[in-house]
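What follows is one structure encoded as structure tokens, with my remarks underneath.
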Amino acid sequence: MMNKMIKSVCVYGIGGVGGYFGGRIAHEVSKGNRAIQVYFIGRGEHLKAIQQHGLNLFTDKEEFHCFPNIATDNIRHIPTPDLYLLCVKGYDLDNAVASISKNISADTIILPLLNGVDIYERIRTNLQKAIVSPACVYVSSSIEKPGTIRQKGPEGHIV
């Protein structure tokens, strides 16, 4: 894999996992630490709340409020990102992969953060053009109410 500076991140699926990691990224960006564009792909009342009021993230140790650069339900509303955090449920994976296939380049990195032993193969089979990196995620988080993610226990980690 080539060395590449990540300048844009799309978090596809802003539920417990995507909201936690996407919220942490958007929060760090908002502090001015990095010049990174952050995009959220979501749906329903949770997306509407984020679009109107931003995302709240509560953990056992901290709480913060953040805004992505763009929050939408349509992949065509964002520029092609350098990195996708794919944070959907397994039953939504095929639709998510079909959607992002319209907005990737050969250098786009896809990091799937969902359960399943066949996730990498399912993505790789349908996306020949991108860099797919297998991953494992450890986090206990959920949507507390639209626009709010609650994380409990140890800090989340991506392996």
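Residue numbers (the numbering used here): 415 to 573.
Note that CB positions come from ideal geometry on N, CA and C, so glycine has one too.
Would you list the one or two residues that DSSP bridges to residue i?
i	result
Arg564	Phe472 and Ser556
Pro526	Leu500
Gln451	Ser422
Glu477	Phe472
Thr486	Ile455
His571	Tyr552
Thinking C-beta only, is residue j closer than 8 Å to residue i?
i	j	result
Tyr589	Tyr426	Because the chain here runs from 415 to 573, residue 589 falls outside it and cannot be looked at.
Val431	Val551	yes
Ile545	Ile524	yes
Ile489	Ser513	yes
Thr486	Thr522	no
Leu528	Leu507	yes
Cys596	Ala440	With the chain covering only 415 through 573, there is no way to say anything about residue 596.
Arg564	Phe472	yes
Leu469	Gly446	no
Lys406	Pro560	Any answer about residue 406 is impossible in this case: the structure gives the chain only from 415 up to 573.
Can you tell me the Cβ-Cβ gap for residue i and residue j, rounded? I've got them flagged as a contact below 8 Å.
i	j	result
Ile484	Tyr453	5 Å
Can you tell me the Cα-Cα spacing of residue i and residue j, whole angstroms?
i	j	result
Lys566	Gly456	22 Å
Ile572	Ser547	12 Å
Asp496	Lys475	30 Å
Ser554	Gly429	11 Å
Pro465	Val423	Strictly speaking, residue 465 in this sequence is Gln, with Pro absent from that position. Between Gln465 and Val423, the C-alpha separation is close to 17 Å.
Lys418	Gln451	15 Å
Thr539	Ile533	10 Å
Gly504	Gly530	7 Å
Thr562	Pro526	22 Å
His460	Ala449	26 Å
Pro482	Val443	9 Å
His491	Ser515	14 Å
Arg536	Ala549	14 Å
Tyr467	Gly458	Before going further, note that residue 467 is His rather than Tyr in the sequence given. Each residue's Cα considered, the two are about 14 Å apart.
Asn509	Asn517	13 Å
Lys543	Gly570	29 Å
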